[in-house]
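Structure, as structure tokens:
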Amino acid sequence: MDSPSSAAIETSGLVKVFGGTRAVDGVDLRVPAGMVYGLLGPNGAGKTTTIRMLATLLRPDSGTARVFGHDVVREPDAVRSRVSLTGQFASVDENLTGAENLVLLARLLGHSWGRSRSRAAELLEAFGLTEAANRQTRTFSGGMRRRLDIAASIVVTPDLVFLDEPTTGLDPRSRNQVWEIVRALVAAGTTVLLTTQYLDEADQLADRIAVVDHGKVIAEGTSGELKSSVGSGAVHVRLADAARRPDAEQVLAKTLDAAVHLESDPVALSARVSDPERVAHALVELSRTGIAVTDFSLSQPSLDEVFLALTGRPAENTDTAATEEAA
Ligand SMILES: Nc1ncnc2c1ncn2[C@@H]1O[C@H](COP(=O)(O)OP(=O)(O)OP(=O)(O)O)[C@@H](O)[C@H]1O
Ligand SMILES: [Mg+2]
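Quick note on full-length UniProt numbering: the sequence shown kicks off at 1 and runs consecutively.
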């Protein structure tokens, strides 16, 4: 049965080579059961290839991968019985209605007609698709289609769901709906392996995150851990009097030993903080210099900054989420 470690996924030195490309280049992962685990990386990082190996759709060139203790190469059937896929693997038929797709899938997965119809109705309701149930899937908007894809993947509740970029190209409202679905899945006991290029998505959803780049895991941890590994964040200060900003700038530059950024708001300044201990000192100095502060905050770095710090380049295209095409 399951390995005593109760990890949903465990890989060691996983490698997949395509021609000259090491798409996955020695990946070690440990995904505890019951959480959302994020694989975060830019285009071509190796996220989909990793998922395809874990889902037994692609044979690793070397290394090992276990899903609930079952080896993906030696025990593919045991693995398949526990997992479900969505994303580019989902098999929704464009010519069928939403309801027909789900009923058919439920039948294929061994439910009776009656149970299949009630399960389909349940899912359509849960995914906000009841009104569209009898429309052909080809008329669905991008967001509706994505929700149907996820519904199709949980017709039989799997122990582990792979979600490969479930919100790429969706508008903010549809993204939020998908996020709610993911949260509900996990609340019901399913483990989710989520790939994303969106730093905010990993931040919102994932309990732990592996940052992948060029087939390698370059960092791993909670989003808080990843952020604090980059240094503390930034201090933001607002003054009562814009005329005192040059003085405040001097005080902050000296006490924080950092470059101070003058915001477009004439009373606001910010600075990176490498040593949080200095922040209190900076506040005391501002007050001693007679500079009144109306607002003060210390923020963590964003996952964007984490990615930049880890890879030396920004994460790509986080702002190109296309609007959902109209039905
Ligand atoms: N079947 C294939 N044949 C040849 N090369 C491939 C194949 N599948 C993936 N690759 C290459 O392997 C690398 C990793 O691809 P992969 O699809 O795993 O990345 P990804 O992280 O999922 O990217 P994206 O965010 O664009 O989906 C890329 O360089 C890609 O071009
Ligand atoms: Mg991919």
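Even for Gly, the Cβ is constructed at its ideal location relative to N, Cα and C.
Take residue i and list the residues in its own chain whose beta-carbon comes closer than 6 Å to its own, dropping the five residues that flank it on each side.
| i | result |
| --- | --- |
| residue 311 | 213 |
| residue 301 | 227, 230 and 233 |
| residue 195 | 39, 47, 164 and 165 |
| residue 335 | Because the chain spans 1 through 327 in this model, residue 335 falls outside it and cannot be assessed. |
| residue 260 | 249, 252, 253, 269 and 271 |
| residue 220 | 210 |
| residue 84 | 153, 158 and 161 |
| residue 41 | 47, 212 and 213 |
| residue 10 | 30 and 66 |
| residue 207 | 35 and 36 |
With DSSP collapsed to three states, give me the class of residue i.
| i | result |
| --- | --- |
| residue 214 | coil |
| residue 182 | helix |
| residue 38 | strand |
| residue 46 | coil |
| residue 273 | coil |
| residue 236 | strand |
| residue 297 | strand |
| residue 309 | helix |
| residue 107 | helix |
| residue 267 | coil |
| residue 230 | coil |
| residue 56 | coil |
| residue 32 | strand |
| residue 20 | coil |
| residue 291 | coil |
| residue 13 | strand |
| residue 206 | coil |
| residue 26 | strand |
| residue 224 | helix |
| residue 346 | Examination of residue 346 is not possible in this model, given that the chain is present from 1 through 327 alone. |
| residue 8 | strand |
| residue 190 | coil |
Since residue i and residue j are thought to touch, with beta carbons under 8 Å apart, how far apart are those beta carbons, to the nearest angstrom?
| i | j | result |
| --- | --- | --- |
| residue 102 | residue 155 | 6 Å |
| residue 7 | residue 30 | 5 Å |
| residue 241 | residue 292 | 7 Å |
| residue 215 | residue 22 | 5 Å |
| residue 140 | residue 151 | Between residue 151 and residue 140 the Cβ distance is about 12 Å, and since that is not below 8 Å, they are no contact. |
| residue 62 | residue 92 | About 35 Å; that fails the 8 Å criterion. |
| residue 49 | residue 24 | 5 Å |
| residue 179 | residue 148 | At roughly 16 Å, the Cβ-Cβ gap does not stay under 8 Å, so residue 179 and residue 148 are not in contact. |
| residue 262 | residue 245 | 7 Å |
To which residues of the same chain is residue i closer than 7 Å at the C-beta, ignoring the five residues directly before and after it?
| i | result |
| --- | --- |
| residue 309 | 230 |
| residue 70 | 78 and 79 |
| residue 59 | 73 |
| residue 306 | 226, 227 and 230 |
| residue 279 | 235, 273 and 298 |
| residue 52 | 58 |
| residue 116 | 103, 106 and 107 |
| residue 247 | 289 and 291 |
| residue 285 | 251 and 255 |
| residue 82 | 67, 68, 158, 159 and 160 |
| residue 189 | 34 |
| residue 126 | none |
For residue i, I'd like the list of residues in its chain whose CB is within less than 8 Å of its CB, leaving aside the five on either flank, ordered along the chain.
| i | result |
| --- | --- |
| residue 186 | 34, 35, 36 and 192 |
| residue 321 | Low confidence applies to residue 321: its pLDDT is 37, below 50, so where it sits in the model is not reliable, and the reading given next is rough at best. Hits under 8 Å: 167, 168, 169, 170, 171, 172, 175 and 198. |
| residue 96 | 104, 136 and 137 |
| residue 218 | 211, 212, 310 and 311 |
| residue 296 | 235, 236, 237, 238 and 283 |
| residue 134 | 97, 98 and 99 |
| residue 26 | 13, 14, 15, 63, 215 and 216 |
| residue 202 | 38, 40, 194, 196, 209, 223 and 303 |
| residue 128 | 147 and 177 |
| residue 3 | Model confidence at residue 3 stands at a pLDDT of 46, short of 50, so the residue's coordinates are unreliable; what they give is reported in the following sentence. 10, 66, 68 and 69, listed in sequence order. |
Regarding residue i and ligand 4, is the C-beta to nearest heavy atom distance less than 7 Å?
| i | result |
| --- | --- |
| residue 19 | You won't find ligand 4 in this model; what it holds is ligand 1 and ligand 2. |
Ligand 2 site residues, beta-carbon cut 7 Å against heavy atoms: 47, 48, 164, 165 and 195
Which runs of the beta strand (DSSP E) at least 3 residues long sit entirely within the segment 125-177? Give them in chain order. 160-164
Run through the segment 62-99 for me and flag every whole beta strand (DSSP E) of 3 or more residues, listed as ranges in chain order. 62-67 and 83-85
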